[in-house]
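Numbering (full-length UniProt numbering), first residue to last: 1 to 614. Read through the structure below, which is laid out as structure tokens, and then see the notes.
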Ligand code: AMP
């Protein structure tokens, strides 16, 4: 099937656009540009390339009471997906129809569901739902197939310990539900049917509204079933890492619960307690064994020790998640980190056909049958940094002429535009990719970064990729000191003039337990050099502005251990989905900044102007 759709990509794309236009030419939105016509050239000539902000007024009208009218699309909406991207501080609402739900629900899940859930792709979702439910073998879908090639049918030999979190739906005034794609999928009966057989987390723990209790219980049940676990994962790498650290901080209590067969009193959620009453039995032998493992001096390779049958870690490790891979590799002791797919609330975009590639080398293969693509070429070339990670220097568009899917050029960076059956037309997803080659006639790409996530304290613009690269270079200086940078974020401080970049770092020692004295032990010389190193690796304009004193010295603020946990709690309390949460590389919100600032234990500034190019 994959061979067929990747070979016939051009025809499939043309047909998809034709269908979308025929169906929706009479909607209020398209009528304004096409006057009822369905011509594809006219579509590209007349319909503007837009961001979410442009279509927000239309979406707001639908959300506020015009659910069934033909504003953006003819097909009735069944709800909205809550995207992790925000507009005006609010999560974006992406329309969903009954048909599109089949596609996104399955694909936006951890790759796990791609193995067992109804195949998510266009070709398949046109089949009847009974047929879909019969597609239970990993050999019957694209990603499942490539995993199967490497590991066999893991569902026959064990379970998956995945940290999964559902988030309450929000009801819009029109009565439509807005929910995270993952949450919608967890509610599917097909998911619930496979859950007990394939996962260690009971349903109640996934739906527990208290994320700390949910995490504790999911890890507890994962440990109890350790002999069955063959895959560890979550949607994004940051969540897997948080899970491991949670065990690092709470293993004594977890072991005590396993020893006595009694769950801690602070677990008050009735669903979690009910699940525990069914699973948790006194098991002193297992508790002793786990205590033995966890009390070792170094936690290097701990995941293999705790779950000895694990074959791989299934979680997205590309893009903003690359920053977590070094630490994950440390804990996972050589287990492959498998980034299964690239997807967003706007559409199911691509899968990884080579699951064993290193996170920095992953190329995703586009699915030509889910949405209609156009690509906006980016002006500057991508550069490769010392760690062989693709990074983007700047991200200005070459022109406004878009390129079709089959005509993209290897080596070129593009911004992705989608036209989807859910009422998005020439819509900028906000992600930048670099084409690496083709599978048949379908492009493969590396994920570069999110557009518009930038620091700027003057006229300069610093992209997410720029910050990633600068931090990657600077954090290497911590290595000889036996320290690890565990999380970071940044902020453009313009409270004084000239403004300056602030990078918040959470640091911990490689060996031993968490140590909140870490700030006092830091060598100021090394930390100042970290600041300078970051500045040296930032782009030309930054360094020039610094030299001309239009930007002040870059500052590192070291925060207490656990600060980024508090940041996560804050974003979750503001409506972020825990399953989809990724630490923002830049902070814009005042409250989030207060959380970070109130936990600063040391501050360091770059003592010199950055090295200039000739
Ligand atoms: P959401 O809209 O909340 O579903 O988040 C989707 C966004 O997550 C995408 O637009 C990307 O920026 C990011 N994302 C999704 N999959 C990947 C991936 N495989 N690698 C890097 N970033 C990803």
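Note that beta-carbon positions come from the ideal geometry of N, C-alpha and C, so glycine has one too. Since we're looking at a predicted model, the values are computed, not measured.
Scanning the segment 511-581 from its first residue to its last, the whole alpha helix (DSSP H) runs of 4-plus residues come out as 518-521, 524-537, 540-547 and 563-573.
Linking residue 351 to residue 211 through their CA atoms gives a straight-line distance of about 29 Å. Distance from the CA of residue 299 to the CA of residue 282, rounded to the nearest whole angstrom, comes to 26 Å. Within the chosen limit of 7 Å, the ligand AMP reaches the beta carbon of residue 344 through at least one heavy atom. The beta carbon of residue 435 sits closer than 6 Å to the beta carbons of 408, 410, 412, 443 and 445 from its chain, once the five residues preceding and following it are set aside; these are given in chain order. Taking the Cβ of residue 447 as the reference point, at least one heavy atom of the ligand AMP falls within a distance shorter than 7 Å. Residue 19 and residue 189 have their C-alpha atoms roughly 30 Å apart. The DSSP-derived three-state label of residue 608 is coil. At least one heavy atom of the ligand AMP sits closer than 7 Å to the Cβ of residue 450. Taking a C-beta distance under 8 Å as the contact criterion, residue 295 and residue 316 do not qualify as a contact pair. DSSP lists 488 and 558 as the bridge partner or partners of residue 505.
The Cβ atoms of residue 473 and residue 537 sit closer than 8 Å to each other. Assigned with DSSP and collapsed to three states, residue 269 falls in coil, not helix or strand.
Between the C-alpha atoms of residue 150 and residue 602 there is a straight-line separation of about 47 Å.
With a cut-off of 7 Å, the C-beta of residue 292 is classified as distant from the ligand AMP, since no heavy atom of the ligand falls inside that distance. Under DSSP, residue 424 takes part in a beta bridge, and its partners are 420. Taken in chain order, the complete alpha helix (DSSP H) segments of 4 residues or longer contained in the segment 277-331 are 284-294 and 302-306. A distance below 8 Å separates the beta carbons of residue 230 and residue 309. The three-state reading of DSSP puts residue 433 in strand, counting E and B together.
In this structure, the beta-carbon distance from residue 610 to residue 532 falls below 8 Å. Assigned with DSSP and collapsed to three states, residue 209 falls in coil, not helix or strand. Annotation for residue 365 indicates a beta carbon at 7 Å or more from all heavy atoms of the ligand AMP.
Residue 585 is a Cβ neighbour of residue 468, given a cutoff of 8 Å.
Under the rule that a run must span 4 or more residues, the alpha helix (DSSP H) segments found entirely inside the segment 12-46 read 28-34 and 40-46. Annotation: the continuous alpha helix (DSSP H) that includes residue 464 extends over 464-475.
Take the alpha-carbon of residue 23 and the one of residue 415: they are about 26 Å apart. Not one heavy atom of the ligand AMP is found less than 7 Å from the C-beta of residue 323.
Here the alpha carbon of residue 425 sits roughly 58 Å from the alpha carbon of residue 260.
For residue 192, the enclosing alpha helix (DSSP H) starts and ends at 189-198.
For residue 450, the enclosing beta strand (DSSP E) stretches over residues 442-450. Comparing alpha-carbon positions, the option among 511, 183, 204 and 569 lying closest to residue 271 turns out to be 204.
In this structure, residue 245 lies away from residue 200, with their beta-carbon atoms at least 8 Å apart.
Counting other Cβ atoms within 10 Å of its Cβ, residue 157 stays below 16 and is therefore classed as exposed.
In this structure, residue 348 places its C-beta atom within 8 Å of the C-beta atom of residue 370. Counting along the chain, residue 52 sits inside the alpha helix (DSSP H) bounded by residues 52-63.
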